[in-house]
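Here the sequence shown stands for residues 13 to 295, where the numbers follow the working numbering.
Working notes, structure below.
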Amino acid sequence: MESGKLGSKPCEELLKYLQPSYYFAAHLHCKFAALFKHDSKRVTKFLSLDKCLPQKRFLQFVDVPHGPDSKIELKYDLEWLTILSLTNHLVSVKSGINYMPSCTGTSTRWEFNPSEAEKSAVYRKFSENLVIPHNFTKTAKGHVEGPLQRKFSHQPRPKLNPQTTLFCKTLNVDDPMVLLGALDETDGRLESGDSADSTDSEGSTDSEVEDDAVIYETFISTMPTKFKLPKPKVEQPDLSAMTNTSPVPNEPDSIAVENDSSTPSHPKKFKGRNASLYETEDT
């Protein structure tokens, strides 16, 4: 902050391109407010917040001017929807290294600025209506104030979100939660519309807790899998048939080597570009 280098260059480019009235950055590890003036005389009110920890300033209420007769609704951004559709093949949930396409050494597309035709195709997928529907569904129990009932509690298992499911189906992209396999195919709680309030986390059995822990470990694990080599297909020779049963005669520990006096021995001479530097006067 003191050096004037807070933030990132890609976000700065996005800020200058969109020129929004407000720009919020949560969990930036510091609270920072600023006014960014654009060349078009527009002003963006920037606000970053700290981490959600005690004695941290991580929450702030902002009054946004809004007409009393105007609808309160949110809309999807068509350009970003098109980018999500064009980059769906790059989605990966594996723990290995994923290489993105680049402008060098590849013939595949690496730049995903959408064209007007591509945006029109995505616009038709949403029936030419980008208003975000009010289809929130509660999928997990909320926090209840009061004394702790159990000393230890397992991590809640990941669940499919009906809003995300509908969004991915409409845009025809992959749901990362489905790719992770975080929810069993036989689990029909979301499909049957059972309320999250009807489930009692206190009544879960040990086996359910263990299964949930395994699923959650698979969900967050970033460790590479163990490398296992296949068994060799080459038949090993029978060593028992090659064993010599005859006793080995006693042989001396040392072997005498006869010196052939007819062959004179010459000391090895140093050969090199700077051999004269290492030669003595006797040589």
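Yeah, the Cβ is synthetic: ideal placement off N, Cα and C, and Gly gets one too.
All values derive from a computational prediction rather than experimental measurement.
Residue nearest to residue i in terms of C-alpha spacing, selected from the options
| i | options | result |
| --- | --- | --- |
| ILE144 | LYS153, TYR88, LEU183, SER119 | TYR88 |
| PHE36 | VAL55, GLY19, TYR29, LEU59 | LEU59 |
| LEU96 | LEU30, VAL134, SER119, SER107 | VAL134 |
| HIS101 | GLU91, PHE124, GLU128 | PHE124 |
| LYS43 | LYS28, GLY19, LYS150 | GLY19 |
| PRO170 | MET189, THR177, GLU157, HIS155 | MET189 |
Straight-line gap, residue i to residue j (C-alpha atoms, nearest Å)
| i | j | result |
| --- | --- | --- |
| PRO113 | LEU40 | 29 Å |
| ASP187 | GLN175 | 11 Å |
| LYS63 | PRO244 | 54 Å |
| THR120 | VAL185 | 19 Å |
| GLU14 | TRP122 | 36 Å |
| LYS17 | CYS180 | 37 Å |
| SER33 | THR56 | 5 Å |
| LEU98 | ASN110 | 17 Å |
| SER52 | GLN31 | 9 Å |
| THR230 | GLY193 | Because the pLDDT at THR230 is just 43, under 50, the model does not fix this residue reliably, and the value given afterwards should be weighed accordingly. Looking at the two C-alpha atoms, the distance is approximately 9 Å. |
| THR177 | TYR29 | 30 Å |
| LEU241 | SER107 | 20 Å |
Same chain, Cβ closer than 6 Å to residue i, neighbours up to 5 away in sequence not counted
| i | result |
| --- | --- |
| THR94 | PRO126, GLU130, LYS131, VAL134 |
| LYS68 | ASP62 |
| VAL103 | ASP186 |
7 Å Cβ shell around residue i - same chain, five flanking residues per side excluded
| i | result |
| --- | --- |
| THR182 | LYS137, PHE138 |
| ASP75 | none |
| LYS168 | Residue 168 is actually Pro in this sequence, not Lys. ALA152. |
| PHE70 | LEU61, ASP62, LYS63, CYS64 |
Same chain, Cβ closer than 8 Å to residue i, neighbours up to 5 away in sequence not counted
| i | result |
| --- | --- |
| PHE148 | GLN175 |
| LEU86 | VAL143, ILE144 |
Exercise for the section: Please confirm if the region 75 to 85 is in contact with the region 45 to 56, defined as three or more CB-CB distances below 8 Å between the two stretches. Expected result: Result no; under three Cβ-Cβ pairs closer than 8 Å.
Practice task
Can you check the region 51 to 139 for any beta strand (DSSP E) of at least 3 residues that lies completely inside it and give the ranges in chain order?
Solution key: Runs found: 55 to 60.
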